[in-house]
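>
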Amino acid sequence: KLTLVKGWNSFLIKSQKTPAGFGCIIGSTSGKWCPLHFMSPFNERYGQGGWVYSELTDCDKGLDEENIDAQMSESSTGLKWYPVLEWDDIESQKPVFSRIFGQEAGIAAYGWTKLFILEHSCSVAFVGETSEPVNIWIDNQKVFYMENAGNFEFNINLGHGDHDILVESCRRSEEWGFTLTAVVNGKQKDFKQPCDIKGTDGEWIFLGPFNSPLSIPPNEITDVYRLFDNDGKGVYWSIDKPGFRVRPYLENNLYGKWHYHLGVTLYGLFRVSKLLQREDIKNYTINHAEECIKMYEYSLYDREEYGYQSLNHQLVELDALDDCGSFGAAVIELYRETGEKSFLKVIEKIADYIANRQIRKEDGAFCRGDETIWVDDLYMGNQFLAKYYNLTGKRGYIDDAARQFLLYKKYLYMPEYGVMSHIYDLKYNTPTFVPWGRGNGWALFSLSEVLESLPESHNDYMQLLGFYKELCEGYLKLQGKNGLWHQVLTDPESYEETSCTAMFTYAFAKGVRFGWLDDTERYVGSIYKALEGLMTISIDCKGNVYGVCRGSNFSYSEQYYKKDLLWVTNDTHGIGIVLLAADETIKMIESRR
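Quick note on our numbering: the sequence shown kicks off at 23 and runs consecutively.
In structure tokens, the structure reads:
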């Protein structure tokens, strides 16, 4: 375990060769939650990702370890570092595809760049040489073809702005490649990178090799979200350096990330977008999901190619309900809205995981790899199962969701309070007997979603409805004086917590709307009291959301939840849930008119 400082931290590992070999593995202990993306050292490699490693050297003739600096020049270290930055003299004389792809099988490859034209309109002369048949597209229009090797030139008028230039070369010999320059008014124009790529000043990126030319339009070839297939092998972009690849990273904190709490956030935003008829909010939720899913195939390839994926960490790992169910449930809603086929592919992947690969006890209850059962997983799994049943009509999924609640009641229900323990510890065969607020919110929220989907004729319907009423009665009794529920539900000295309050409000409002609750007016009063508390305590005039507990671990001690597991502002565990509470309350009000 290392203590890191704010900003850049340099890592230098010295490994000694032994008869058993040498080397090590280093990274985050929780890569999918806290991935560490290492950047290459040395000025010459600024912007490049990944580690560098030195040539073998005698221990007493190596690096000045005390004075090495990641910002220094590589050449000043006195060692040769890999991967090497430049082609050697022999390779540099070869045509571009010969040196990049070497003797790899394949007959087709592509080069992509951009050309910026300052003038309103001008004639551009393109001058080049090819060793093979070549096709050239500019802005998705085919402008040139040459069958034989040799020099070529053609002219075309281009207007102001950026222009995509895509070259296809089909190999017929060992000498494989092309050159291309652009000339305006007798002066050579510089090309520019077709997309923002750190760590290189090269103007071209290259794709291939393929066993046959791609039979798709040029604008699909230049789609950087796309992983290409060459007879079952993934292909992505390279640059004109020895062994260097283009590799996408995602460094955003929120947008484009796949996390369970962002799933419920998107669900809330999507529901409110429909309520308010806000296309901008709806499009934001769709675009967020697309940003994850468009890179899904690539991220699987990235893991296989480099050992650990550079993006979509949880979706690729897919070894816990946290990784899939919450976000997957939101994707189902977005799929029903858009019909986007790529969404369905991921939905089916998640359904298969929950049905066939999720860890379970012998009785079928969801559990985790550390031999615990978390009340959170009633939401992380069951909301998806209910929505997947609604989407497909496959009865086994709603059966599983219903069964989970009855199983979890056996493990986690605290009848003296009418609430749920956060954890059941299978190692000691006991609940922790701590009724954490948000964990209970997850349970009731998800139960209300499952009841909405469950046919009333289902064998478990009446048991689940009875359980829902028991829980609602227990939570109703524990509502705080300000309308909010507490971080530890049974401890009024623990802080008032926003996300569980919003989830209880949501589930109560749904129960009133569907007629599930007895003594309805008590619950309507509780809903309005909770909303008043949320509006006066949890949300300020600028829309900031306070009092949302951060992501949790677990403990047998209430003090952990009360003193250590503190709240943060604008945490995505709570933003979407607050929106959902408001949306469901409005639906309740409309149903009572």
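Note that the Cβ used here is the ideal one computed from N, Cα and C, for glycine as well.
Starting from Cys389, follow its DSSP beta bridges and name the residues at the other end.
Its beta-bridge partners do not exist; DSSP assigns none.
> State the Cα-Cα distance for the pair Pro457 and Ser348, rounded to the nearest angstrom.
Distance between the alpha carbons of Pro457 and Ser348: 22 Å.
> Gly461 to Leu511, Cα distance in whole Å?
Spanning the two alpha carbons is a distance of roughly 10 Å.
> Over the uninterrupted beta strand (DSSP E) stretch that includes Cys144, give me the two end residues.
From DSSP, the beta strand (DSSP E) with Cys144 extends over Ala130 to Thr152.
> Under three-state DSSP, which class holds Phe44?
Three-state DSSP puts Phe44 in coil, outside helix and strand.
> Would DSSP call Leu180 helix, strand or coil?
Strand at Leu180.
> Ignore the nearest five residues each way along the sequence and tell me which others in Gly224's own chain have a CB closer than 6 Å to its CB.
If we look at Gly224 and ignore the five residues flanking it on each side, its Cβ neighbours are Ile261 and Asp262.
> Under 7 Å Cβ to Cβ from Met436, same chain only, skipping five residues before and after it: list those, please.
Hits under 7 Å: Met442, Ser443, Phe455 and Pro457.
> Going along the chain, which residues of its own chain have a beta-carbon closer than 6 Å to the beta-carbon of Ala552, five neighbours each way excluded?
Closer than 6 Å at the Cβ level, and outside the excluded window around Ala552, lie Gly505, Thr523 and Thr527.
> Grab me the residues of Gly596's own chain with a C-beta within less than 6 Å of its C-beta, minus the 5 sequence neighbours each way, in chain order.
Thr520, Ser521, Val567 and Val570, listed in sequence order.
> Is it true that the CB of Leu486 sits closer than 7 Å to the CB of Phe427?
Yes.
> Rounded to whole angstroms, how far is the Cβ of Pro216 from the Cβ of Lys136, which I believe are closer than 8 Å?
The Cβ separation is near 5 Å, so the contact holds.
> Hey, how far is the Cα of Val206 from the Cα of Phe119?
Rounded to whole angstroms, Val206 to Phe119 spans 27 Å at the Cα level.
> Within the present structure, is the beta-carbon of Ser260 separated from the nearest heavy atom of the ligand GTP by less than 6 Å?
The model on display carries no ligand, and the ligand GTP is accordingly not part of it.
> Sort Ser295, His310 and Leu476 by Cα distance to Lys276 and report the nearest one.
Per the sequence shown, the amino acid found at residue 276 is Leu instead of Lys. The residue with the shortest Cα to Cα distance from Leu276 is His310.
> Quick check for students: name the residue ranges of the beta strand (DSSP E) that lie wholly in the region 445-528, counting only runs of 3 or more.
Whole beta strand (DSSP E) segments, 3+ residues: 445-447.
> Does the region 597-612 come within contact of the region 538-558, defined as at least 3 CB pairs closer than 8 Å?
These segments touch.
> Whose C-beta lies closer than 6 Å to the C-beta of Pro240 among residues of the same chain, with five residues either side of it excluded?
Correct list, in chain order: Trp159, Asn162 and Leu188.
> Just list the residues that DSSP pairs Gly361 with in beta bridges.
Paired residues: none, contrary to the question.
> Give the C-beta separation of Asn404 and Ala423 to the nearest angstrom, bearing in mind that I take them to be a contact with Cβ-Cβ under 8 Å.
That pair is a contact at about 4 Å.
> Have a look at Lys371, Phe530 and Ser332 and flag the residue whose alpha-carbon is nearest the alpha-carbon of Ala351.
Nearest C-alpha to Ala351: Lys371.
> Would you kindly work out how many angstroms separate the C-alpha atoms of Ser145 and Asp186, rounded to a whole number?
Going from the Cα of Ser145 to the Cα of Asp186 covers about 16 Å.
> Check Gly285 in the structure and name its three-state DSSP category.
Residue state, collapsed to three classes: helix.
> Cβ of Glu96 within 7 Å of Cβ of Glu66?
In this structure, Glu66 lies closer than 7 Å to Glu96 by Cβ.
> So if DSSP puts Leu229 in a beta bridge, which residue, or which two residues, is it bridged to?
For Leu229, which the question treats as bridged, DSSP gives the partners Tyr132 and Trp259.
> Between which two residues does the beta strand (DSSP E) containing Gln426 stretch?
Careful: Gln426 lies outside any beta strand (DSSP E), inside the alpha helix (DSSP H) at Arg417 to Leu434.
> Can you grab the Cα-Cα spacing for the pair Val286 / Gln336, in whole Å?
Approximately 15 Å between the Cα atoms of the pair.
> Mind the definition here: the region 356-371 touches the region 311-331 only if three or more C-beta pairs lie below 8 Å; say whether that holds.
A contact exists between the region 356-371 and the region 311-331.
> For the structure I just gave you, are there three or more beta carbon pairs, one from the region 529-545 and one from the region 577-593, closer than 8 Å?
Verdict: no, contact absent.
> For Gly459 versus Trp396, is the C-beta distance shorter than 7 Å?
Going by C-beta atoms, Gly459 is not nearer than 7 Å to Trp396.
> Among residues of its own chain, excluding the 5 on either side of Leu466, which ones have a beta-carbon nearer than 8 Å to its beta-carbon?
Closer than 8 Å at Cβ, skipping near neighbours: Tyr490, Leu493, Cys494, Tyr497, Met525, Phe526 and Ala529.
> Would a C-beta distance cut-off of 7 Å place Glu154 and Ser114 closer than the cut-off?
For Glu154 and Ser114, no; Cβs fall outside 7 Å.
> Buried or exposed for Ser468, going by 16 or more other Cβ atoms inside 10 Å?
Burial call: buried.
> According to the neighbour-count rule (16 or more other Cβ atoms, all chains shown, within 10 Å of its Cβ), is Ser295 buried or exposed?
Buried.
> Measuring CB to CB, does Tyr410 end up less than 7 Å from Trp464?
No, they are not a contact pair.
> Around the Cβ of Val534, are there at least 16 other Cβ atoms within 10 angstroms (buried) or fewer (exposed)?
Per the 10 Å Cβ criterion, buried.
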